[in-house]
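Peer 1: For what it's worth, the numbering used here labels the leading residue of the first sequence as 3, then goes sequentially. For every residue, glycine included, the Cβ atom is placed at its ideal position computed from N, Cα and C. The structure is given below, and queries will be raised subsequently.
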Amino acid sequence: MSSDNRYVGSQLYKIRHSAAHIMAQAVLEHFPEAQIAIGPPIEDGFYYDFDLPRALTDEDLAWIENRMKAIIRKEVSFAVREVSPDEALAFFKDQVFKRELIEDLVHGRTDENGEQIAAPAAKLTFYTQDTFTDLCRGPHVANSREINPDAISVTFKKPAGAYWRGDEKRPQLTRIYGTAWETVEALQDYLTRLEEARKRDHRVVGERLDLFTFSPLVGKGLPLWKPKGAILRDTLERWLRETQIENGYDPVVTPHIGNLNLYRTSGHYPYYKDSQYAPIQVDDDEFLLKPMNCPHHIMIYKSEMRSYRDLPVRYAEFGTVYRYEQSGELTGLTRVRGFTVDDAHLFVTPEQLVDEFKAVVRLIQYVFNTLGFSDFRARVGVRDPKSDKYVGGDENWEKAAAAIIEACDSLGLNYHVAEGEAAFYGPKLDFIFRDVLKREWQLGTVQVDYNLPERFELEYVAEDGTRQRPIMIHRAPFGSIERFTGIMIEHFNGAFPVWVSPVQAVLIPIADRHSAYAAEVAKRLRGIGMRVEVDAGKARMGAKIAVAREKLVPYMLIVGDKDAAAGTVSVRLRTDEDLGALPLDEFVEMARRVIESKSLELR
RNA sequence: GCCACCGUAGCUCAAUGGCAGAGCAUCCGCCUUGUAAGCGGACGGUUAAGGGUUCGAGUCCCUUCGGUGGCUCCA
Numbered sequence: 003m004s005s006d007n008r009y010v011g012s013q014l015y016k017i018r019h020s021a022a023h024i025m026a027q028a029v030l031e032h033f034p035e036a037q038i039a040i041g042p043p044i045e046d047g048f049y050y051d052f053d054l055p056r057a058l059t060d061e062d063l064a065w066i067e068n069r070m071k072a073i074i075r076k077e078v079s080f081a082v083r084e085v086s087p088d089e090a091l092a093f094f095k096d097q098v099f100k101r102e103l104i105e106d107l108v109h110g111r112t113d114e115n116g117e118q119i120a121a122p123a124a125k126l127t128f129y130t131q132d133t134f135t136d137l138c139r140g141p142h143v144a145n146s147r148e149i150n151p152d153a154i155s156v157t158f159k160k161p162a163g164a165y166w167r168g169d170e171k172r173p174q175l176t177r178i179y180g181t182a183w184e185t186v187e188a189l190q191d192y193l194t195r196l197e198e199a200r201k202r203d204h205r206v207v208g209e210r211l212d213l214f215t216f217s218p219l220v221g222k223g224l225p226l227w228k229p230k231g232a233i234l235r236d237t238l239e240r241w242l243r244e245t246q247i248e249n250g251y252d253p254v255v256t257p258h259i260g261n262l263n264l265y266r267t268s269g270h271y272p273y274y275k276d277s278q279y280a281p282i283q284v285d286d287d288e289f290l291l292k293p294m295n296c297p298h299h300i301m302i303y304k305s306e307m308r309s310y311r312d313l314p315v316r317y318a319e320f321g322t323v324y325r326y327e328q329s330g331e332l333t334g335l336t337r338v339r340g341f342t343v344d345d346a347h348l349f350v351t352p353e354q355l356v357d358e359f360k361a362v363v364r365l366i367q368y369v370f371n372t373l374g375f376s377d378f379r380a381r382v383g384v385r386d387p388k389s390d391k392y393v394g395g396d397e398n399w400e401k402a403a404a405a406i407i408e409a410c411d412s413l414g415l416n417y418h419v420a421e422g423e424a425a426f427y428g429p430k431l432d433f434i435f436r437d438v439l440k441r442e443w444q445l446g447t448v449q450v451d452y453n454l455p456e457r458f459e460l461e462y463v464a465e466d467g468t469r470q471r472p473i474m475i476h477r478a479p480f481g482s483i484e485r486f487t488g489i490m491i492e493h494f495n496g497a498f499p500v501w502v503s504p505v506q507a508v509l510i511p512i513a514d515r516h517s518a519y520a521a522e523v524a525k526r527l528r529g530i531g532m533r534v535e536v537d538a539g540k541a542r543m544g545a546k547i548a549v550a551r552e553k554l555v556p557y558m559l560i561v562g563d564k565d566a567a568a569g570t571v572s573v574r575l576r577t578d579e580d581l582g583a584l585p586l587d588e589f590v591e592m593a594r595r596v597i598e599s600k601s602l603e604l605r
């Protein structure tokens with residue numbers, strides 16, 4: 003889905019949409035008995051779904067691609083005509099999916115609550131090219147000569163299963179993906195970008211840098227952090243923990259399970275039932291691996307009588323939560339079954355709400371800016387008005403959304419409102435980050451919640467002695483530390499800022515006799531808190547450099563006779579810049595400055 | 001969960017249904033090195049697990065486990 007509305011109706015959009023039709027024609031020539039479903043343009047290409055008599059082979063795909071090119075070269079025109087519903091049904095008498103689409107269009111679509119979401123259509127349109135006619139609203143190119151036959155590909159990606167209308171209870175179809183561009187160069191750029199993304203894959207880089215591993219014996223979706231990965235996330239956590247304490251947060255610690263009744267009260271249990279591990283029976287009680295930290299934090303709030311003078315109360319915890327994701331949804335660190343949330347819950351008075359919300363947003367901006375994550379947009383997620391999966395009354399929801407929007411406006415944040423993107427207990431503000439490859443990731447989130455305080459009957463004593471209900475703000479800048487680390491690995495391609503790099507410097511003695519000096523330098527650097535290794539192996543210097551480069555160690559410090567004599571280190575950066583021999587004091591000063599300032603540069 | 005594909009040494013990958021191999025890593029030697037991998041040797045395998053077909057299975061079939069891509073961006 004492109005957020006760019008200029009895409010729809012553009013020449014590229016028409017090219018891709020038309021290529022999808024040509025692909026359907028080719029597939030029908032190859033498998034005359036195939037049932038065709040839908041074939042829209044998508045970001046970077048198009049797809050078409052088919053019900054095929056057998057699984058596709060690479061040869062089938064190659065045949066389809068070649069046939070598409072041949073059809074395009076015939077310079078076939080695309081003709082549109084209006085048809086009546088009866089005519090359309092007669093034409094597609096053997097195509098069950100098309101008939102269903104036609105029926106829906108004629109009767110209008112309704113959702114599961116019986117509300118109409120599309121008006122009935124009296125007239126439909128057909129697009130025809132060459133021997134193929136499809137039910138389609140267009141638009142298309144006028145003639146296939148507008149499509150560059152050398153700038154399309156369907157063999158670039160494997161076909162995949164896709165449920166008819168995304169519904170797992172309905173037939174599973176074969177989805178063939180295609181990509182199409184205006185020029186061969188644009189196609190090549192796209193394929194290069196895919197290749198780059200593949201090389202940066204955090205599962206590949208994570209293996210190379212010894213950051214984490216998985217074990218089938220431990221369980222799928224349960225990452226194991228190796229020392230290098232653990233120090234990386236620990237560095238992020240320590241920094242955020244300190245930053246939060248400076249900003250008035252109080253650390254709390256809560257257990258990994260909780261009584262099922264806790265989650266019945268919060269509403270998590272019914273809401274997240276399908277994505278939770280089954281309850282654990284202990285004596286006469288049932289316990290749940292916690293899917294969220296908020297109920298535990300709420301019980302800490304509730305453990306004391308609160309005065310308005312105590313508020314805002316800000317409880318922070320790196321809390322590990324467990325969710326039962328469908329096995330096919332699991333991927334590396336970005337989708338796991340156990341992960342740690344940099345969670346905090348703020349309990350505030352109505353008067354404090356907007357200011358506290360703004361302070362949270364500023365904290366999140368500070369966190370992202372520090373890491374060099376500067377390209378992000380904000381999304382205000384509100385309820386889907388057609389859904390009933392939310393808790394609480396309309397008034398609370400409207401107040402909460404109004405507070406978020408007021409805060410965004412006064413911060414001058416560039417945001418847009420998206421329906422159906424709220425949490426079940428309240429609307430939220432999400433930060434959506436674009437990485438160096440222009441891929442979007444949803445990161446930090448802030449939620450305003452009037453409902454859990456109500457469900458748990460939270461109170462504070464106001465100035466006038468009356469009992470009042472606080473409002474909660476839920477927030478997590480990183481969201482899941484696992485997922486965030488995965489995104490960081492791909493964004494930086496493993497070349498992390500020095501302050502978070504698992505190994506910040508490697509000492510490379512040229513010959514055995516330099517090992518003592520190397521150890522001495524390493525000790526000095528560890529003394530200022532640096533993470534340093536000494537490569538005392540018997541490989542040559544060149545080989546040690548090659549290994550350190552591979553591991554993306556920011557500083558390679560080569561020490562030989564000249565350095566030992568002069569008290570210098572010969573500094574090579576992971577960018578291959580050679581800084582030559584620096585007096586040790588000078589290097590220490592430089593490294594200290596880079597690390598303490600959390601600089602994104604190496605010097 | 002479902003569909004398709006995949007699973008050979010720690011990693012990357014070879015092996016027509018016919019003796020399971022290489023490079024890297026690890027370990028042991030030799031070399032004592034100045035900016036992208038010096039030389040030699042050793043170790044390493046129930047070919048993911050289990051079953052079947054076959055004179056013979058890494059290879060073919062079935063089951064299980066694990067991984068990868070995908071599962072509305074609604075004509």
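1. Suppose the cutoff is 6 Å on Cβ atoms and the five residues either side in sequence are ignored; what does the same chain contact list for E114 look like?
2. Going along the chain, which residues of its own chain have a beta-carbon closer than 7 Å to the beta-carbon of A188, five neighbours each way excluded?
3. Using three-state DSSP, classify A548 as helix, strand or coil.
4. Leaving out the 5 sequence neighbours to the left and right, which residues in its chain are closer than 7 Å to S4 when beta-carbon positions are compared?
5. Of all the options K125, A123, A124, R147, which has the alpha carbon lying nearest to the alpha carbon of Q131?
6. Which stretch, first to last residue, makes up the alpha helix (DSSP H) that contains Y519?
7. Examine the Cβ distances between the region 433-442 and the region 374-381 and report whether three or more of them are shorter than 8 Å.
8. By a C-beta neighbour count over all protein chains shown, 10 Å radius and 16 as the cutoff for buried, is T185 buried or exposed?
9. Could you compute how far the alpha carbon of H258 sits from the alpha carbon of D587?
10. What separation, rounded to the nearest whole angstrom, lies between the Cα atoms of Y557 and L211?
11. Over the uninterrupted beta strand (DSSP E) stretch that includes V315, give me the two end residues.
12. At the level of alpha carbons, what is the spacing between E288 and I407?
13. Residues in the same chain with beta-carbon distance under 6 Å from P504, minus the five sequence neighbours each way, listed in chain order, please.
14. If I'm right that V362 touches V384 with Cβ under 8 Å, what's the distance once you round it to whole angstroms?
15. Measuring straight from C-alpha to C-alpha, what distance separates D125 and Y392?
16. Assign Q174 to one of three DSSP states: helix, strand, or coil.
17. Return helix, strand or coil for E423, following the three-state DSSP convention.
18. DSSP beta-bridge partners for A507?
19. Near Y165, which residues of its chain fall below 6 Å by C-beta distance, leaving aside the five closest residues on each side in sequence?
20. At which residues does the alpha helix (DSSP H) containing F370 begin and terminate?
21. Check F589 in the structure and name its three-state DSSP category.
22. With contact counted as at least three CB pairs below 8 Å, one residue from each stretch, are the region 313-332 and the region 492-500 in contact?
23. Hey, quick one: how far does the alpha helix (DSSP H) through I149 stretch, first residue to last?
24. When you compare only the Cα positions, how much space is there between Q283 and Y452?
25. What are the boundary residues of the beta strand (DSSP E) that includes V384?
26. Taking 8 Å as the threshold, find out whether the region 503-522 comes into contact with the region 470-489 through three or more Cβ pairs.
27. Rounded to whole angstroms, what is the Cα-Cα separation between I547 and G334?
28. Which residue wins for smallest C-alpha separation from G140, given the options V450, K16, K201, G221?
29. For my contact list, Q278 and P297 are in at a C-beta cut-off of 8 Å; report their separation, rounded to the angstrom.
30. Please return the same chain residues whose Cβ sits closer than 6 Å to the Cβ of R83, not counting the five positions on each side in sequence.
31. If you drop the 5 nearest sequence neighbours on each side, which residues of the same chain put their C-beta closer than 6 Å to that of V10?
32. The beta strand (DSSP E) spanning Q97 covers which residue range?
33. Got a sec? Which residues, its chain only, sit under 6 Å from A464 by beta carbon, not counting five neighbours each side?
34. If you reduce the DSSP assignment to three classes, tell me which class F158 lands in.
35. Roughly how many angstroms separate the alpha carbons of N398 and H299, rounded to a whole number?
Peer 2: Reading off the structure:
1. Confidence at E114 is low in this model, with a pLDDT of 49, below 50, so the placement of that residue should be treated as unreliable; the coordinate-derived value is given next. Sequence-distant Cβ neighbours of E114 in its own chain, meaning closer than 6 Å and more than five residues away, do not exist here.
2. Taking C-beta separations shorter than 7 Å and ignoring five residues to either side along the sequence, the partners of A188 in its chain run A153, following chain order.
3. The answer is helix: DSSP assigns A548 an H, G or I state.
4. In this prediction, S4 scores a pLDDT of 39, lower than 50, which makes its location untrustworthy; no coordinate-derived value is stated.
5. Minimum Cα distance to Q131 is reached at R147.
6. Start and end: 517-529.
7. Yes: at least three Cβ pairs fall under 8 Å.
8. Exposed, since its Cβ has fewer than 16 Cβ neighbours within 10 Å.
9. Each residue's Cα considered, the two are about 47 Å apart.
10. Between the C-alpha atoms of Y557 and L211 there is a straight-line separation of about 16 Å.
11. First-last of the beta strand (DSSP E) with V315: 315-324.
12. Straight across, the Cα-Cα distance linking E288 with I407 is about 40 Å.
13. Non-local beta-carbon contacts of P504 in its own chain, meaning distances under 6 Å to residues more than five positions away in sequence, involve K230, I233, L234 in chain order.
14. A Cβ-Cβ separation of about 18 Å leaves V362 out of contact with V384 under the 8 Å criterion.
15. According to the sequence shown, residue 125 is Lys rather than Asp. Taken atom to atom, the span from the alpha-carbon of K125 to that of Y392 is near 38 Å.
16. Here Q174 sits in strand by DSSP.
17. E423: coil per DSSP, three-state reduction.
18. DSSP lists V534, Y557 as partners of A507.
19. For Y165, same chain residues with a beta-carbon under 6 Å away, outside a window of 5 residues either side, are R172, Q174 in chain order.
20. In the DSSP assignment, F370 falls within the alpha helix (DSSP H) that extends over 355-372.
21. Here F589 sits in helix by DSSP.
22. Verdict: no, contact absent.
23. Neither: I149 is in no alpha helix (DSSP H) and is coded neither H nor E.
24. Each residue's alpha carbon lies about 32 Å from the other.
25. That run of the beta strand (DSSP E) goes 378-384.
26. Fewer than three Cβ pairs drawn from the region 503-522 and the region 470-489 lie within less than 8 Å of each other, which leaves the two stretches out of contact.
27. Straight-line spacing of the CA atoms in I547 and G334 works out to 29 Å.
28. Ranked by how close their Cα comes to the Cα of G140, the residues V450, K16, K201, G221 have K16 in first place.
29. 13 Å between Cβ atoms; not a contact.
30. Same-chain partners within the cutoff: F128.
31. Nothing listed; no residue qualifies.
32. Q97 -> no beta strand (DSSP E), and no H or E assigned at all.
33. Correct list, in chain order: Y310, Q470.
34. DSSP places F158 in coil when its eight states are reduced to three.
35. Those two C-alpha atoms are separated by around 21 Å.
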